[in-house]
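Worksheet: the structure to be examined is printed underneath.
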Amino acid sequence: MKKILLLLNLAAMVLSCDVLDVEPYNAIPADEAFQTSDDIEKGILGSYAPFQNLSYYGRTYGIFSDLAADNLSHPIAATATAYAQVDNNNILPENGSISGIWASCYDGINVANNVIDKLPGIEGMTEQEKNQARGELYFVRALNHFNLLNYFGGIPIKVEPTVGVGNLDAPRNSSAEVFDQIIEDLTFAADNLMDPGDRSRASRFGAKALLARVYLYKGDFSKAISMATEVISSGNYTLEDNYSIVFEEGSSESIFEISFSQLERNRIAEYNFPHSLNGRREVEPSTVLLDAYGSGDERFAASIAFEGTDAYAIKYDDISLGADNFIVLRLAEMYLIRAEAEALLTTPEISSIQDDINTIRARANLPPITESSIAALLTIIENERHLEFAFEGHRWFDLVRTGRAMELLPNVTSGNQTLFPIPLDELQTNNDPGMVQNPGY
Numbered sequence: 001m002k003k004i005l006l007l008l009n010l011a012a013m014v015l016s017c018d019v020l021d022v023e024p025y026n027a028i029p030a031d032e033a034f035q036t037s038d039d040i041e042k043g044i045l046g047s048y049a050p051f052q053n054l055s056y057y058g059r060t061y062g063i064f065s066d067l068a069a070d071n072l073s074h075p076i077a078a079t080a081t082a083y084a085q086v087d088n089n090n091i092l093p094e095n096g097s098i099s100g101i102w103a104s105c106y107d108g109i110n111v112a113n114n115v116i117d118k119l120p121g122i123e124g125m126t127e128q129e130k131n132q133a134r135g136e137l138y139f140v141r142a143l144n145h146f147n148l149l150n151y152f153g154g155i156p157i158k159v160e161p162t163v164g165v166g167n168l169d170a171p172r173n174s175s176a177e178v179f180d181q182i183i184e185d186l187t188f189a190a191d192n193l194m195d196p197g198d199r200s201r202a203s204r205f206g207a208k209a210l211l212a213r214v215y216l217y218k219g220d221f222s223k224a225i226s227m228a229t230e231v232i233s234s235g236n237y238t239l240e241d242n243y244s245i246v247f248e249e250g251s252s253e254s255i256f257e258i259s260f261s262q263l264e265r266n267r268i269a270e271y272n273f274p275h276s277l278n279g280r281r282e283v284e285p286s287t288v289l290l291d292a293y294g295s296g297d298e299r300f301a302a303s304i305a306f307e308g309t310d311a312y313a314i315k316y317d318d319i320s321l322g323a324d325n326f327i328v329l330r331l332a333e334m335y336l337i338r339a340e341a342e343a344l345l346t347t348p349e350i351s352s353i354q355d356d357i358n359t360i361r362a363r364a365n366l367p368p369i370t371e372s373s374i375a376a377l378l379t380i381i382e383n384e385r386h387l388e389f390a391f392e393g394h395r396w397f398d399l400v401r402t403g404r405a406m407e408l409l410p411n412v413t414s415g416n417q418t419l420f421p422i423p424l425d426e427l428q429t430n431n432d433p434g435m436v437q438n439p440g441y
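Below is the structure:
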């Protein structure tokens, strides 16, 4: 996919038009762009391109979830004002990095919607082939809607293509409505996609893994357990014996990842690494995170390095080329999703929770836990997620969804701060009366 995506940037530009944008003057008419199954394949691959944006998985999206929480801090000497706002949980609606997240997500949604719209008229594709194409595009659309939901709350659901200046104004849907759309899309994807091949493409079990996460966030714990169990039991993925290998290309643990190369590079390492190693050091591991690792935890050395006394994140460490793929879904999460969801059932199976937690701890070279109270187990799960997924963009969402943000984060003093502001340019462009700012901004 790394080679193919370079050729598909035009396809993404032709189709990319979110709720903020109008169709570019040099756009190829959609009727001309989609006539064959090969055109559909190019359009599908083009729908992944916005994930690579620097505002998205190319840098900002994952970093901000750790920076808003207690995994990363913005150093005093750093210069990115947008990052300082997130670190202080004092974000302005005109924050350009937040606008970039919003625009990138809707770019991906609109590319997917344009290709979906053209599928019925394509000759030479069987209905099964069309459903497989829809499944992949629905996965892309669902992931984008879900990422928007987690940062902003209820957002406009977009399931029709935006072309030209039409269909730009849209109201915010409720969070429940957004969850329903995401689940509908992912259920179709899980029913129609193939088994995994290229881990940078959606698959049947990629859809089920994302469903497990969605159901956990939504509070549908039985379904979260079911989806996570299907992924774990599929045999398609295995935990790496060595934690550091998880972040190398071709990891057996990866379920879905965003492809990067020296041609489509990310800048994650650049923003994490110190100046002496050619980085910008806009973020650094927080003292809270550094103090959270226990003795012997192998995740520490695989996640954090030091230049002198300065710590920096190294899970994504290709500072020269930026060719590290970003892992969005991996097997370890399925064990911890299942453990947490089981703990939140009315009649939980304590031994099952312990087994899933200990599977993750054993790989980190930590002793098994024996605690049996639900409160203690939930605290352990929270801590395991804190350390297991450091610098992978989970922490803020975990603390918000569990109601722990105000308790653990000193800069979060109001429930209003648990949602990011709707970008100012969206509010200025979208004239629907149902497009309103989040409270407190």
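Numbering follows UniProt numbering, in which position 121 of the sequence shown is assigned residue number 121; successive positions increment by one, without gaps. Glycine residues also receive a C-beta, built at the ideal position from the N, C-alpha and C atoms. As the structure is a prediction and not an experimental result, all values here were calculated from the model.
Contact belief for residue i with residue j at Cβ below 8 Å, rounded distance in angstroms
i	j	result
S97	A82	4 Å
G43	V115	4 Å
S203	L193	5 Å
I63	L72	7 Å
F420	Y151	5 Å
V283	L67	6 Å
Y56	I101	7 Å
L321	Q262	4 Å
Y243	A305	At roughly 14 Å, the Cβ-Cβ gap does not stay under 8 Å, so Y243 and A305 are not in contact.
L378	A292	Actually they are not in contact, since the Cβ atoms of L378 and A292 sit about 16 Å apart, beyond 8 Å.
E384	R363	Wrong, their Cβ atoms sit about 11 Å apart, outside the cutoff.
S37	I122	6 Å
L210	L143	6 Å
Cβ-based neighbour list, residue i, same chain, cut-off 8 Å, excluding 5 preceding and 5 following
i	result
T238	S252, E253 and L331
E230	F205 and K208
G154	R172, N173, S174, S175, E177 and V178
N365	G296, D297 and E298
E240	V246, S251, S252, E253 and R363
M125	S37, I40, L119 and A133
Residue i at chain D interface by Cβ criterion, 9 Å
i	result
R281	Annotation note: the requested chain D is absent from the structure, which comprises a single protein chain.
Residues near residue i by beta carbon distance below 6 Å, same chain, minus five either side
i	result
P348	E342
D356	Y335, R338 and A339
L216	A224, I337 and A341
N26	Only weak support is given to the placement of N26: the predicted model assigns it a pLDDT of 37, under 50, and the value that follows is read from those uncertain coordinates. If we look at N26 and ignore the five residues flanking it on each side, it has no Cβ neighbours.
N416	P439 and G440
L424	P93 and E94
F34	K118
V86	F64, L67 and A68
R401	Y217
F256	G206, V328 and L329
Contacts around residue i, its chain only, beta-carbon distance under 7 Å, and the 5 residues preceding and following it disregarded
i	result
N358	P368 and I369
S372	I350
I245	S251
A69	R395, W396, L399 and L409
P75	R281 and E284
R59	N266, R267, I268 and Y271
I374	A343 and P348
E307	P274, S276 and L277
A112	S47, L137, V140 and R141
Buried or exposed (CB count within 10 angstroms, at least 16 for buried), residue i
i	result
E177	exposed
T413	exposed
T418	buried
A212	buried
P433	exposed
I183	buried
S99	buried
T162	buried
G46	buried
S233	exposed
E248	exposed
L149	buried
L290	exposed
N147	buried
L345	exposed
N430	buried
S222	exposed
G403	exposed
Q181	buried
Query raised in the report: Going along the chain, which unbroken runs of the alpha helix (DSSP H) with 4 or more residues stay wholly within the stretch 135-202?
Result: 175-192
Requested in this report: Evaluate contact between the stretch 330-350 and the stretch 269-285, counting only Cβ atoms and requiring at least three cross-stretch pairs below 8 Å.
Outcome: no
Requested in this report: Take every Cβ of the stretch 122-141, pair it with every Cβ of the stretch 99-107, and state whether three or more of those distances are shorter than 8 Å.
Outcome: no
Query raised in the report: Pairing CB atoms from the stretch 391-407 with CB atoms from the stretch 34-43, are three or more of them under 8 Å?
Result: no
Query raised in the report: Would you call the stretch 181-190 and the stretch 306-325 touching, i.e. three or more CB-CB distances under 8 Å?
Result: no
Query - Runs of beta strand (DSSP E) lying entirely within the stretch 37-71, each at least 3 residues, in chain order - result: none
**Report entry** Sequence ranges, beta strand (DSSP E) only - wholly within the UniProt domain "RagB/SusD" (321-413), length at least 3
**Finding:** 326-330
Report task. Would you mind listing the alpha helix (DSSP H) stretches within the stretch 247-292 that are 4+ residues and don't spill past its ends, in chain order? Result -> 268-272 and 287-292
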